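In what follows, a single structure is set out as structure tokens and then discussed.
Numbering (this note's numbering), first residue to last: -16 to 99.
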């Protein structure tokens, strides 16, 4: 288990996007993948039954819980109206798509990866 703890510490020190260390949730994700590997190894009888050093860890990194943020209905309406009347300013920005795109985000609550 000391190897898994050392690997967990190493993961927590790795740099990710923006030169930040990996979040507790990302480290936990890697630990879950390793735990699944040990479970598969048990099924294939590569390791003895019950051998899973990840499962034996009492404390594992946790994802930071963020409180959801949202707009109140009047603010969302003002935001959509501003997007609807947005004049074209840049060749990269299609002003005619801004309103439908923002409306989709606001009305569905979808994340960027889910909407785009």
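Quick reminder that beta carbons are idealized off the backbone N, C-alpha and C, glycines included.
For clarity, every value in this text was computed on a predicted model and none was experimentally measured.
Checklist entry - Residues bridged to residue 4 by DSSP? => result Counted from its first residue, the chain shown places residue 4 at position 21. Bridge pairing for residue 4: -2 [DSSP].
Next on the checklist: Check whether the region 6 to 24 and the region 40 to 54 are in contact - that is, three or more C-beta pairs closer than 8 angstroms.
Outcome noted: With the cut-off at 8 angstroms, the region 6 to 24 and the region 40 to 54 touch.
Checklist entry - Helix or strand or just coil, what does DSSP make of residue 34? => result Position 51 of the chain shown, counted from the start, is the residue given in the question as residue 34. If DSSP states are grouped into helix, strand and coil, residue 34 belongs with coil.
Checklist entry - In terms of residues, what are the limits of the alpha helix (DSSP H) holding residue 84? => result By one-based count along the chain shown, residue 84 stands at place 101. Note, residue 84: alpha helix (DSSP H), 78 to 91.
Checklist entry - If you follow the alpha helix (DSSP H) that residue 98 is part of, which residue opens it and which one closes it? => result One-based indexing of the chain shown puts residue 98 at position 115. In the DSSP annotation of this structure, the continuous segment of the alpha helix (DSSP H) that includes residue 98 starts and ends at 95 to 98.
Checklist entry - Which residue from 71, 66, 59, -5 puts its Cα closest to that of residue 91? => result The residue labelled residue 91 in the question sits at position 108 within the chain shown. Of the candidates 71, 66, 59, -5, the one whose C-alpha sits nearest the C-alpha of residue 91 is 59.
Next on the checklist: Check whether chain D comes within 8 angstroms of residue 72, counting only Cβ atoms and requiring the distance to be less than that.
Outcome noted: Annotation note: the requested chain D is absent from the structure, which comprises a single protein chain.
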